[in-house]
Amino acid sequence: MPADFEKQSYWRQRFASETSFEWLVSSQYFMSIIEPYLVAACQEYPAIILHLGSGTSDLQNYFRKRGWIDVTNVDYEPLALERGRQLEEAAFGDVKMKYVVADATQLASDLPQNCKFNIVVDKSTVDAVACAGETALLRMASGVRDHLAEGGVWISLSYSQYRFELQQLPFEVEVVAKIPTPKLKANDPDVYYSCYLLRPK
Ligand SMILES: C[S@@+](CC[C@H](N)C(=O)[O-])C[C@H]1O[C@@H](n2cnc3c(N)ncnc32)[C@H](O)[C@@H]1O
5 MPADFEKQSY WRQRFASETS FEWLVSSQYF MSIIEPYLVA ACQEYPAIIL HLGSGTSDLQ
65 NYFRKRGWID VTNVDYEPLA LERGRQLEEA AFGDVKMKYV VADATQLASD LPQNCKFNIV
125 VDKSTVDAVA CAGETALLRM ASGVRDHLAE GGVWISLSYS QYRFELQQLP FEVEVVAKIP
185 TPKLKANDPD VYYSCYLLRP K
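Here it is in structure tokens:
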């Protein structure tokens with residue numbers, strides 16, 4: 005990814021014309037992979053979901069279709085949240101989920117401290133944040149950790165199989181799915197996106 009992917013100005017310009025786009029994989033496909041982990045994470049308590057870096061994805065609509073409505077969609081670019089609301093309204097005729105401007109690397113100050121989630125999901129937002137460097141990614145991880153409820157998990161999809169090879173990461177990391185990327189030619193090498201399940205240490 006070019007370095008610009010860390011910059012809010014890049015996303016603002018992009019979302020001025022982009023109303024709907026899915027990074028790496030469709031939400032429907034992603035949901036089919038992560039649903040068992042979401043179900044397991046909210047067996048004792050109702051699902052309270054933080055969707056980080058929602059962009060112009062419709063992933064939140066799949067949560068709502070599944071009956072999970074306590075979803076906080078977060079992006080640091082306000083236009084993304086406007087797009088998210090529009091996508092929800094187009095699918096359901098109203099807006100019931102939350103859309104909050106917050107920086108994923110500053111969750112401690114941007115979200116109320118007592119706001120806890122049993123599921124945090126990001127779909128390639130880690131990749132954008134990683135463009136700002138390891139410190140930014142560790143700040144994101146620490147903020148997610150602080151906002152996880154007891155027994156909560158973070159599910160993250162990245163194009164990188166090395167995304168969480170970080171010292172001081174406050175999570176145990178498990179790769180729960182390797183998703184083959186499309187090939188342009190039959191003899192192109194096998195390349196996979198990684199779906200991570202992160203549990204607080
Ligand atoms: C690669 S896109 C992924 C969008 C969406 N999750 C998807 O799957 O299509 C990254 C998203 O993260 C947002 N983003 C990047 N850095 C961020 C940060 N520090 N805090 C909050 N959102 C951020 C961008 O505005 C953009 O919407």
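For the sequence shown, this note's numbering gives the first residue as 5, with consecutive numbering after it.
Glycine included, every Cβ here is placed at the ideal spot set by N, Cα and C.
Practice prompt. Taking only heavy atoms of ligand 1 into account, decide whether any of them is closer than 7 Å to the Cβ of T3.
Written response: Missing from the structure shown is residue 3; the chain here goes from 5 to 205 and no further.
Worksheet item: If you count every other CB in all the chains shown that lies within 10 Å of the CB of N211, and 16 or more means buried, which is it?
Response: The structure shown does not extend to residue 211, since the chain spans only 5 to 205, so no value can be given for it.
Worksheet item: How big is the Cα-Cα spacing for L4 and A134?
Response: Outside the shown range of the chain (5 to 205) lies residue 4, about which nothing can therefore be said.
Worksheet entry | D79 vs S113 beta-carbon contact at 8 Å | no
Discussion item. Run through the DSSP bridge pairs and tell me what R203 is partnered with.
Written reply: E176
Fill in: Under the three-state DSSP convention, the category K182 falls into
strand
Worksheet item: Within the 8 Å Cβ cut-off, does Y200 reach chain C?
Response: Looking for chain C here will not work: only one protein chain is present.
Discussion item. For T185 and Y33, I'd like the C-alpha separation in whole angstroms.
Written reply: 13 Å
Practice prompt. Compute every distance between the C-beta of D192 and the non-hydrogen atoms of ligand 1, then say whether any falls below 7 Å.
Written response: no
Fill in: Range of the contiguous alpha helix (DSSP H) that encloses V104
No alpha helix (DSSP H) holds V104; the beta strand (DSSP E) holding it covers 102-105.
Discussion item. Tell me whether G59, by its Cβ, gets closer than 7 Å to a heavy atom of ligand 1.
Written reply: yes
Worksheet item: Apart from the five residues on each side of it in sequence, which residues of its chain come closer than 6 Å, Cβ to Cβ, to V125?
Response: H55, I159
Practice prompt. Can you tell me the Cβ-Cβ gap for K127 and S61, rounded? I've got them flagged as a contact below 8 Å.
Written response: 6 Å
Fill in: Check whether R87 and T23 have beta carbons under 8 Å apart
yes
Item to complete: Tell whether a beta-carbon distance below 8 Å holds between F175 and R143.
Response: no
Worksheet item: What are the start and end residues of each continuous alpha helix (DSSP H) run of 4 or more residues lying completely inside the region 21-79, in chain order?
Response: 31-45, 63-69
Worksheet item: For Y163, which three-state DSSP category applies?
Response: coil
Discussion item. Would S121 and A153 be called neighbours here (beta carbons separated by less than 8 Å)?
Written reply: Looking at the sequence shown, residue 121 is not Ser but Phe. Yes, the pair counts as a contact, with Cβ atoms nearer than the cut-off.
Item to complete: Given a cut-off of 8 Å, decide if E92 and N65 are closer than it, judged by their beta-carbon atoms.
Response: yes
Worksheet entry | Proximity to V75 [Cα-Cα], best of E81, F67, P82 | F67
Discussion item. Taking DSSP's pairing of strands, which residues face S146 in a bridge?
Written reply: Looking at the DSSP assignment, S146 forms no beta bridge with any residue, so it has no partner.
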